[in-house]
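Each remark here refers to the structure printed beneath this line.
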Amino acid sequence: MLSPLLIIPAVLNGLMAGAVYALVALGLTLIYGVLHIINFAHGALLTAAMFAAFFAYHLLGLDPYLAAVGLTPLFFLLGYALQRFVIGPAAHGEDRNILLVTLGLAVVIENALLYAFRADTRTINLPYAFDVVAIGPAFVAVPRLVAFGAVIVVALALWLLMRWTDTGKAIRAVAKEKLGAELSGIDVAHIYAVTFGLGTACLAIAACLLIPTYYVNPSAGNSFVLIAFTTVVLGGMGSVPGALIGGFFVGVVESLSGLYLGESLGQIGIFVMFILVLLFRPNGLFGARA
Amino acid sequence: MRGLGIFLIVMAALAIVPLLTASNVVLNFLVMALLIALAGQGWNLLGGYGGQYSFGHAAFFGTGAYVTAVLQVRYGVNAWLAFGVGIAGGAIVGAVIGALSFRSGLKGSYFALITLAFAEVLRILASVAPLTGAGVGTLIALDLRPAAFQFQSRAPFYWIILALVGASLVLVRLIEDSRFGAYLIAVRENEDAAKALGVNTITIKLGAMILSAAITAAAGGFYAQYFLFVDAGIAYGPWISIDALLAPIVGGIGTVFGPLLGALVIKSLGELTKLVTADAPGLDLALYGCILVLVIAFAPRGIVGILTDIKRCLHPAKTEPPASLEPGHG
Amino acid sequence: MSRELFLVSRRRFLQTTALGAATGLIAAPAVLRAQAAPVKLGVLHPVSGALSYSGQQGRIGAEIAIEEINAAGGIKALGGAKIEAVLGDAQSTPDGGNAEVEKMNAAGVAAIVGGYASSICLSASQTAARYDLPYVVDVGVVDSIVTRGLKNTFRFGPGFGVIAKTALDNLVAINDQAGKPAKTVMIVHEDTAFGSGLAKLLNAQLPDRGFEILETIPHPTPTRDFNNVVLKIKAANPDLVIPANYYNEYVLLARTMQQQKVQPKGIYSVLGGAASSYKFVKEFPEAAQYIMDCNHWFDPKNPKALALKKQVEDKGQFYTYEVYMNYSCVLLLADALERAASADRAKIIAALETSTFAGHVMPYGPTKFVNGQNEGAAPVNTQVLGNDIQVILPAAFASAKPVFPMPRT
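Chains as they are written, first to last, in the working numbering: chain P, 1 to 290; chain U, 291 to 620; chain D, 621 to 1029.
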């Protein structure tokens, strides 16, 4: 089991898987960092995005990487609307209510998808889905390499947005000091909605990157939620670079513990790491404050 | 005990249900609702009164369920004894998780997430460990004798879970009126201030956690006896963590009757939506989620909140401040 | 009891309205003015939640059977009484199934069919036993379903004890025929009831048959990624890979093996989730080629089975095992009703106990229940050849010869 022939491909696998976790976590960490809410609906929204990517291919013949161009703004608007017109007003600003509202939303979205599209698993079979690139002793699937690259680009773009644009600065202001930001003239409700929208936009991209090698059904997004939470905590809530590095780290840990402990028990590696981080370094790698 | 009257009326009303109806549909429905109410009351003690929201109460429910089941099946222990040990087991798990989390100073979302992680760890272990039957789960043999904590009729089960819920109501009420309860609420309202006043916040939180875990573990043990089958997904799955927090929040967080009211409401809502949507898969749950969101939007303090508001409307004289204290008067 | 009547009539009403039709499922034939009082049949499946696809397929099979029986004149021994389905959603949990059984009992069903998942079947059949309500298990393979001594529970299909034995008998036969090219084996199984239980049996029995188990790899359902599992398979290089899991994971595993260019001498599934699935063959023909499975399958020589296949495919659905197993279970019950000439539960149980029903579409021969288990029930070996699924064993039902070892590409 200690053979480099197994470890190197496992680490590479972990990095590829981790890229997707990072992207899902990016949205979650922004939403938490700014709105201070744990978005229970994240998994269901990912599922919705995956269905959108599936139908973009199935009905319009759009390759998922092309579809991302259209779906990302679409899901940004969807997230914006959800926060502005549903979650925000329903929650009356109380943390625990937001928790329940997002929970309720998750139930609605997942079951609406079940009702509309039935439970069948859908997949798309793209010509390049089985192409592989040899990296050392490993065969890495092309779509996963593309996802890896795309996630780094998206993370970079988000980071630049937060650093250099006015909107990004406003977001950071609201995250740090909501009252002060409001007094400075920033429309907090709008910023909240923009942040949520950015989160769902990330999910749209993640969905398009996943669909060449994964599948869609009404509960497909759920399996990414817990691991995304782990990534957010590890990287530090609200930190974009944290989510990226955290994602890769979680992916590699999952892969190696799966290799050594078996796939079932191996999942424990992620949660044990999660617990250890929370106990000894709750701010995570790059987090600002607890 | 404060509020003894209302408590006795509610208990009596619920207790006579099996005498009024022979419908097992109704009894089964109520048993499930009471089970959730019990688990929720456990959550409520820690979350409602202590302000520590847990997302992983399944850890205690599952421990109660598995200990009860495994002791009977693998070691031939008497069912009632196993049930008692199950409650103790849940309390121990609560103590461990509480000690680790509170000593590290985890609060708010961090505490919530670590409880979630612990529940998941237990679920994964239960799904691979031979002791719990791994993936196959643990099946308790059918043995319809009271000595084996199994009954031919649903009514004894109903009365037992009702008694457990009643005991939890009394316990929470007594805590509410005790010094421990006062400290707990102080921790909830402002932990730093409480600490500054000399309250040992870690001990208080830990105490609440242990009691909370014991109550929820009792619900788990009862589940094992009622359904006679436990597996990792049933015992430690997110469904019970969610139900255990949903009931108190919907019913009225930090109130004695909140979890009971909440459990009855959410279960009834589930049945209602099933009725309205016939047999279309998913539609009933989608509707359920919509109504949930609406309930939160319009009744943020839960049902008890609504009832308190109604009471306030009906007795305005008791709550208006005296006119002379209002600003603007000379 | 007026609440129960209200529940039932509401359901009946909604079934016949546009809402019922709009779900896209076949509308249950709710005949309100039958000459003889209709016989109610509980149809229980997990149509929402994690198992919803299988639950929905099972329901389709049951509903087609009911429709067919009613169109042919209902239960003749009861004066042409139609069968009325009382549909229940188990919501993929045992307590969900339990609650539905209570409602079905209150609605006065004569029997219940379905459950699908072992954990649901265990709980539901036990609850039904309280009312001496006959319960026919459609799929649930865990052996404990029929070893609890419950008089009301009947399982039409095989349990995994029989499945494991048949799978190994057939494996030895195929291997011997090809000159014994396979010696080493790796098992990949899902870690809940059916996968774990099956893996345990295989682990106990494979060495006795002359095979060496290199590794047994459990994985959760759902599993997001099989690259590491395939990595281990590649490193250990077994002659045979034996998967036992649900559809999604099976597909991911097979696709990943194709991607990583891992080609053992054979992929021999036991209750493989996608190995004998037309959906899989249609969507991923290259990954599916030459995969063998020991699984539930219809009798390919039975014209009724083929007619049902066409009927289901014309509706745009895949002909999966849940469909024809539930179809057969309902026909079995209808036969029991005819022989009992009554909707009385005890009489139905007696009729089932002595059933010799052969009008089903499964390769089981005439029915014979011993302690609730249909003795003739057995799985069948299939292989994906060309772009179709052929039966390769037993010889009586075979439509092709096995291709083993798998030709290398």
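Cβ atoms here follow ideal geometry from the backbone N, Cα and C, with glycine treated the same way.
Nearest-angstrom Cα separation, counted from residue j out to residue i
i	j	result
D:A650	D:A705	The predicted position of D:A650 is uncertain, since its pLDDT is 45 and thus under 50; no value can be drawn from it.
D:L999	U:Y513	A small fix is needed here, since residue 999 of chain D is Pro in this sequence, not Leu. About 35 Å.
U:G298	U:T428	Per the sequence shown, residue 298 of chain U should be read as Leu rather than Gly. Straight-line Cα distance between these residues: approximately 38 Å.
P:E110	D:D955	40 Å
U:I524	D:D715	10 Å
P:G262	D:L957	50 Å
P:A67	P:L77	16 Å
U:I539	D:V762	39 Å
P:L62	U:S502	53 Å
D:Y944	U:P571	21 Å
U:L304	U:L310	10 Å
P:A22	P:F229	10 Å
U:V307	P:P89	40 Å
D:G992	D:H809	28 Å
U:L461	U:L496	17 Å
U:M301	U:W333	21 Å
U:S468	U:Y516	34 Å
Coarse secondary structure for residue i, derived from DSSP in three states
i	result
D:A650	Interpretation of D:A650 is limited by its pLDDT of 45, a score under 50 that renders its predicted location unreliable; the figure taken from the coordinates is listed afterwards. In the structure shown, D:A650 sits in coil (DSSP, three-state: anything other than H, G, I, E or B).
D:Q746	helix
U:P528	helix
D:K803	coil
D:A657	coil
D:F1024	coil
P:Q83	helix
P:F139	strand
D:A1015	helix
D:V733	strand
U:T405	helix
D:Y755	strand
D:F904	coil
P:D63	coil
D:L625	For D:L625, the predicted model reports a pLDDT of 37, less than 50, meaning its position is unreliable; a value from the coordinates is still stated below. Here D:L625 sits in helix by DSSP.
U:P606	helix
D:Q635	Bear in mind that the predicted position of D:Q635 carries a pLDDT of just 43, short of 50, making it unreliable; the figure below should be weighed with that in mind. In this structure, D:Q635 counts as helix in the three-state DSSP scheme.
Boundaries of the beta strand (DSSP E) in which residue i is found, first to last residue
i	result
D:V981	From DSSP, D:V981 is part of no beta strand (DSSP E); its letter is neither H nor E.
Other residues of its chain near residue i: CB distance less than 6 Å, five sequence neighbours each side excluded
i	result
P:R122	F54, V216
P:A19	A147, F148, V151
D:I646	Any reading at D:I646 must be qualified, since the residue scores a pLDDT of 43, below 50, and its modelled position is unreliable; no value is offered.
Start-to-end residues for the alpha helix (DSSP H) that takes in residue i
i	result
P:Y341	Given a span of 1 to 290 for chain P in the structure shown, any question on residue 341 of chain P remains unanswerable.
D:Q1003	It is not in any alpha helix (DSSP H) - D:Q1003 instead sits in the beta strand (DSSP E) that spans 1000-1005.
D:H839	Run containing D:H839: none in the alpha helix (DSSP H); it sits in the beta strand (DSSP E), 832-839.
U:S458	444-466
Cβ pair residue i, residue j closer than 8 Å
i	j	result
P:L35	P:Y192	yes
P:I38	U:S458	no
D:Y888	D:Y939	no
D:Y866	D:T841	yes
D:G735	D:A726	no
P:L142	P:V133	With the sequence shown as reference, residue 142 of chain P is identified as Val, and Leu is not the correct amino acid for it. Result yes, Cβ atoms of P:V142 and P:V133 sit closer than 8 Å.
U:G471	U:Y339	yes
D:L952	D:P754	no
D:A787	D:V861	no
U:I414	P:I268	yes
D:C914	D:V756	no
D:S672	P:L114	yes
U:L536	U:I556	yes
U:G511	U:A416	no
Cut-off 7 Å between Cβ atoms - residues of its own chain near residue i, not counting five sequence neighbours on either side
i	result
P:F75	A49, T200, A201, L203, A204
P:G136	I8
U:K564	D574
Contact test: residue i Cβ vs the ligand MG heavy atom, cutoff 7 Å
i	result
D:N857	Because no ligand of any kind appears in the structure shown, any question about the ligand MG cannot be addressed here.
Cut-off 8 Å between Cβ atoms - residues of its own chain near residue i, not counting five sequence neighbours on either side
i	result
D:G644	Summary for D:G644: the model assigns pLDDT 37, below 50, so the residue's position carries little reliability; its value from the coordinates is reported in the next sentence. Within the same chain, D:G644 has no close Cβ partners at all.
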